[in-house]
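Asks: Sharing a structure here in structure tokens format.
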Amino acid sequence: MADVVLKNICKSYDGKINAVDNVNLEVKDKEFVVLVGPSGCGKSTTLRMIAGLEEITKGELYIGGNIVNNVPPKDRDIAMVFQNYALYPHMTVYDNMAFGLKLRKFKKTEIAERVNYAANILGIEELLSRKPKALSGGQRQRVALGRTIVRKPKVFLFDEPLSNLDAKLRVQMRTEISKLHNKLQTTMIYVTHDQTEAMTMGDRIVIMKDGLVNQVDTPINLYNNPTNKFVAGFIGSPAMNFIHGKIVWNNELSFKTNNYPELFKFPNSVNRDLKALENKDVIIGIRPEDISLEPKSEKSVKMTITIDVIEQMGNEIFFYFIVEGIQFTARIPSTHLPVEGEKTDIYLESGKLKYFDTITNDVINN
Ligand code: ADP
Numbered sequence: 378m379a380d381v382v383l384k385n386i387c388k389s390y391d392g393k394i395n396a397v398d399n400v401n402l403e404v405k406d407k408e409f410v411v412l413v414g415p416s417g418c419g420k421s422t423t424l425r426m427i428a429g430l431e432e433i434t435k436g437e438l439y440i441g442g443n444i445v446n447n448v449p450p451k452d453r454d455i456a457m458v459f460q461n462y463a464l465y466p467h468m469t470v471y472d473n474m475a476f477g478l479k480l481r482k483f484k485k486t487e488i489a490e491r492v493n494y495a496a497n498i499l500g501i502e503e504l505l506s507r508k509p510k511a512l513s514g515g516q517r518q519r520v521a522l523g524r525t526i527v528r529k530p531k532v533f534l535f536d537e538p539l540s541n542l543d544a545k546l547r548v549q550m551r552t553e554i555s556k557l558h559n560k561l562q563t564t565m566i567y568v569t570h571d572q573t574e575a576m577t578m579g580d581r582i583v584i585m586k587d588g589l590v591n592q593v594d595t596p597i598n599l600y601n602n603p604t605n606k607f608v609a610g611f612i613g614s615p616a617m618n619f620i621h622g623k624i625v626w627n628n629e630l631s632f633k634t635n636n637y638p639e640l641f642k643f644p645n646s647v648n649r650d651l652k653a654l655e656n657k658d659v660i661i662g663i664r665p666e667d668i669s670l671e672p673k674s675e676k677s678v679k680m681t682i683t684i685d686v687i688e689q690m691g692n693e694i695f696f697y698f699i700v701e702g703i704q705f706t707a708r709i710p711s712t713h714l715p716v717e718g719e720k721t722d723i724y725l726e727s728g729k730l731k732y733f734d735t736i737t738n739d740v741i742n743n
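Every letter in the sequence shown is one number past the one before it in our numbering, and letter 105, counting from 1, is 482.
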């Protein structure tokens with residue numbers, strides 16, 4: 378069992394740009410932390426530095442309280458699961474799982490005990506005598522997990538382990554890895570570019586962009602209280618809608634954009650909350666589910682739009698409309714059926730609107 382602490386960790390490949398830029402993070406013992414962000418944001422590099430597969434350019438890395446910058450990977454007591462599970466094709470599942478222990482000269486009885494324990498946890502006991510080619514993708518990934526479990530590492534590291542699986546299997550394996558975490562009670566650090574994976578699996582999520590950590594928080598806090606526009610847009614599917622404009626006073630408070638002197642009026646009840654933002658350029662963010670065809674409260678903001686496209690999802694409907702050349706997404710219950718091409722009033726939940734600074738993109742807490 379171990380905590381993992383990154384202090385001012387930097388990685389530069391060319392001596393100039395930091396692929397990972399001054400990352401500070403404390404992963405608690407037994408915690409499941411997910412590093413998420415778009416491709417190239419530095420999440421794999423961060424994980425590989427924790428594994429010892431990549432040299433740390435600057436900063437300190439602690440595992441279980443010990444500084445490990447110069448400790449080779451095999452002595453860090455960690456195990457890594459990759460996207461490519463790389464099983465030995467000529468070996469049985471049992472031998473694949475036992476291989477690492479044999480190399481480390483474990484006794485046969487100890488090996489058998491550990492392999493059977495891992496196989497039991499993963500529900501693959503009946504596959505132990507099979508060769509990898511006789512396994513499905515999900516089963517292979519389970520064997521790859523088993524290979525790490527037998528080592529009883531202090532920390533598990535996962536680098537996009539589900540990327541090679543089809544969508545349905547990914548969902549299944551995602552819950553299995555979460556269950557595995559509950560059973561093993563071991564620190565786990567998991568890298569993915571998929572925000573749904575991050576939201577569903579992580580105790581806490583680290584959102585990265587351009588080598589920088591943007592926010593570290595629980596899934597629900599990231600969703601409700603993003604610190605900046607990037608986090609707000611990255612977490613949530615369909616993504617948050619954004620529109621740039623100015624809050625102006627003209628007998629009442631309204632929102633002005635390039636082409637609309639009054640895109641919508643704010644209800645009197647929210648005027649006081651927005652006073653500080655008057656005459657300020659802001660980006661407003663609104664989640665698709667906070668747009669509806671009927672007012673939900675006296676704080677609902679009315680806007681008139683033309684429905685562009687409708688997508689019937691069965692249990693709900695997405696509809697799209699264009700404002701200032703930007704496509705907006707709304708998500709409503711399937712009890713309402715809007716009509717494509719129709720001009721209609723929609724309502725934004727003003728209490729749910731987020732305001733972002735147009736220069737820093739940071740959220741403005743009004
Ligand atoms: P992610 O895992 O978030 O997709 P990476 O950690 O793989 O991102 O990469 C972060 C940045 O570092 C990217 O700009 C990538 O091009 C660069 N990078 C990664 N590995 C190397 C390498 N071996 N040599 C040079 N640049 C690299």
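Beta carbons are placed, not taken as given, at the ideal position from N, Cα and C, and that holds for glycine. As the structure is a computational prediction, the values presented were derived from the model and not from experiment.
1) In whole angstroms, what is the alpha-carbon distance linking Leu-402 and Asn-591?
2) Compute every distance between the C-beta of Gly-419 and the non-hydrogen atoms of the ligand ADP, then say whether any falls below 7 Å.
3) Closest by CA to Asp-734, which one among Ala-609, Arg-481, Asp-543 and Ala-463?
4) Taking Ile-582 and Val-411 to be in contact with their CB atoms under 8 Å, please state how far apart those CB atoms are, rounded to whole angstroms.
5) I need the DSSP call for Asp-398, collapsed to helix, strand or coil.
6) CB of Thr-422 to nearest heavy atom of the ligand ADP: below 7 Å?
7) Give me the DSSP bridge partner(s) of Ile-661.
8) Measuring straight from C-alpha to C-alpha, what distance separates Glu-629 and Phe-643?
9) Here's the rule: buried if 16 or more other CB atoms are within 10 angstroms of the residue's CB, otherwise exposed. What is Arg-519?
10) Please report the distance separating the alpha-carbon of Gly-613 from that of Ile-723.
11) Less than 8 Å between the C-beta atoms of Arg-524 and Gly-477, yes or no?
12) Suppose the cutoff is 8 Å on Cβ atoms and the five residues either side in sequence are ignored; what does the same chain contact list for Ser-727 look like?
13) Is Gly-392 near the ligand ADP, judged by its Cβ being under 7 Å from some heavy atom?
14) Over what stretch of residues does the alpha helix (DSSP H) that includes Ala-475 continue unbroken?
15) How would you label Glu-655, buried or exposed, when you count the other beta carbons within 10 angstroms and need 16 or more for buried?
16) Can you tell me the Cα-Cα spacing of Asn-385 and Glu-537, whole angstroms?
17) Should Ala-496 be listed as close to the ligand ADP, given that the test is whether its C-beta is under 7 Å from any heavy atom?
18) Comparing the CB of Arg-414 with every heavy atom of the ligand ADP, is any distance shorter than 7 Å?
19) Cβ atoms of Leu-670 and Ile-699: under 8 Å apart, would you say?
20) Could you tell me if Leu-542 is buried or exposed, where buried requires 16 or more neighbouring beta carbons within 10 angstroms of its beta carbon?
21) Taking contact to mean at least 3 C-beta pairs separated by less than 8 Å, is the region 564 to 579 in contact with the region 545 to 554?
22) Which two residues bound the contiguous beta strand (DSSP E) that contains Leu-534?
23) Do three or more CB pairs link the region 427 to 436 to the region 447 to 465 at distances below 8 Å?
24) Are the CB atoms of Asp-406 and Asp-380 within a distance shorter than 8 Å?
25) Bridge partners of Ile-684, per DSSP?
26) Go to Glu-726, then tell me how far its beta strand (DSSP E) extends in each direction, as first and last residue.
27) Ordered along the chain, which non-local residues of its own chain (more than five positions away) have a Cβ less than 6 Å from that of Ser-748?
28) Could you tell me whether the Cβ atoms of Leu-589 and Ile-661 are closer together than 8 Å?
29) Return yes when the Cβ of Ile-440 is within less than 8 Å of the Cβ of Lys-531, no when it is not.
30) Could you tell me the alpha carbon to alpha carbon distance between Leu-464 and Pro-665, rounded to whole angstroms?
31) What's the call for Ile-526, buried or exposed, on a 16-neighbour Cβ count within 10 Å?
32) Please indicate yes or no: does the CB of Ala-396 lie closer than 7 Å to some heavy atom of the ligand ADP?
33) Identify whether Gln-572 lies in helix, strand or coil by the three-state DSSP scheme.
Replies: Taking the structure as given:
1) Numbered from its first residue, the sequence shown carries residue 402 at position 25. Numbered from its first residue, the sequence shown carries residue 591 at position 214. Between Leu-402 and Asn-591, the C-alpha separation is close to 12 Å.
2) Translated into the one-based positions of the sequence shown, residue 419 becomes position 42. Yes; taking the cut-off as 7 Å, the Cβ of Gly-419 has a heavy atom of the ligand ADP nearer than that.
3) By 1-based counting over the sequence shown, the position of residue 734 is 357. The shortest C-alpha separation from Asp-734 is found at Ala-609.
4) Locating residue 582 in the sequence shown gives position 205, counting from the first residue. Locating residue 411 in the sequence shown gives position 34, counting from the first residue. Correct: roughly 5 Å between the Cβ atoms.
5) For the purposes of this step, residue 398 is taken as the residue at position 21 of the sequence shown. The answer is strand: DSSP assigns Asp-398 an E or B state.
6) For this step, residue 422 is matched to residue 45 along the sequence shown. Thr-422: yes, Cβ under 7 Å from the ligand ADP.
7) On the sequence shown, residue 661 is found 284 positions in, with the first residue counted as 1. Partner(s): Ile-620 and Tyr-732.
8) Translated into positions along the sequence shown, residue 629 becomes position 252. Translated into positions along the sequence shown, residue 643 becomes position 266. Distance between the alpha carbons of Glu-629 and Phe-643 is about 7 Å.
9) Taking the first residue of the sequence shown as position 1, residue 519 is located at position 142. Under this definition Arg-519 is a buried residue.
10) Start at 1 with the first residue of the sequence shown, and residue 613 comes out as number 236. Start at 1 with the first residue of the sequence shown, and residue 723 comes out as number 346. Cα to Cα, the separation comes out at about 21 Å.
11) Residue numbering aside, residue 524 sits at position 147 when the sequence shown is read from its first letter. Residue numbering aside, residue 477 sits at position 100 when the sequence shown is read from its first letter. Yes, the pair counts as a contact, with Cβ atoms nearer than the cut-off.
12) By 1-based counting over the sequence shown, the position of residue 727 is 350. Around Ser-727: Phe-643, Pro-644, Val-647, Lys-676, Ser-677 and Val-678.
13) Here the question's residue 392 lines up with position 15 in the sequence shown. Gly-392 Cβ: outside cutoff for every heavy atom of the ligand ADP.
14) Here residue 475 is taken as the residue at index 98 of the sequence shown, counted from 1. Note, Ala-475: alpha helix (DSSP H), 470 to 480.
15) In the sequence shown, the residue the question calls residue 655 occupies position 278. Glu-655 is exposed by the Cβ-count criterion.
16) Residue numbering aside, residue 385 sits at position 8 when the sequence shown is read from its first letter. Residue numbering aside, residue 537 sits at position 160 when the sequence shown is read from its first letter. The alpha-carbon of Asn-385 is positioned some 24 Å away from that of Glu-537.
17) As a position in the sequence shown, residue 496 is number 119, starting the count at 1. Ala-496 Cβ: outside cutoff for every heavy atom of the ligand ADP.
18) As a working note, residue 414 is residue 37 in the sequence shown. Sequence inspection shows Gly at residue 414; the Arg mentioned does not correspond to that position. Checking the Cβ of Gly-414 against the ligand ADP gives yes.
19) As a first step, residue 699 must be located in the sequence shown, where it is residue number 322. As a first step, residue 670 must be located in the sequence shown, where it is residue number 293. No, the pair does not count as a contact, with Cβ atoms beyond the cut-off.
20) For the purposes of this step, residue 542 is taken as the residue at position 165 of the sequence shown. With 16 or more neighbouring CB atoms inside 10 Å of its own CB, Leu-542 falls in the buried class.
21) yes
22) One-based indexing of the sequence shown puts residue 534 at position 157. Leu-534 -> beta strand (DSSP E) spans 532 to 536.
23) yes
24) Along the sequence shown, read from residue 1 onward, the residue named residue 380 stands at position 3. Along the sequence shown, read from residue 1 onward, the residue named residue 406 stands at position 29. Contact: yes.
25) Here the question's residue 684 lines up with position 307 in the sequence shown. Beta-bridge pairing links Ile-684 to Phe-698.
26) The count along the sequence shown starts at 1 and reaches residue 726 at position 349. Glu-726 -> beta strand (DSSP E) spans 720 to 726.
27) Only positions 378 to 743 of the chain appear in this structure, which leaves residue 748 out of reach.
28) Counting from one through the sequence shown, the residue named residue 589 turns up at place 212. Counting from one through the sequence shown, the residue named residue 661 turns up at place 284. It is not a contact, given that the beta carbons lie outside the stated cut-off.
29) Numbered from 1 along the sequence shown, position 154 holds the residue referred to as residue 531. Numbered from 1 along the sequence shown, position 63 holds the residue referred to as residue 440. Taking 8 Å as the Cβ cut-off, Lys-531 and Ile-440 qualify as a contacting pair.
30) Position 87 of the sequence shown holds residue 464. Position 288 of the sequence shown holds residue 665. Each residue's Cα considered, the two are about 43 Å apart.
31) As a first step, residue 526 must be located in the sequence shown, where it is residue number 149. Classification for Ile-526: buried.
32) Sequence index remark: in the sequence shown, residue 396 carries index 19 (1-based). Because some heavy atom of the ligand ADP lies under 7 Å away, the Cβ of Ala-396 counts as near it: yes.
33) Locating residue 572 in the sequence shown gives position 195, where the first residue counts as 1. In this structure, Gln-572 counts as helix in the three-state DSSP scheme.
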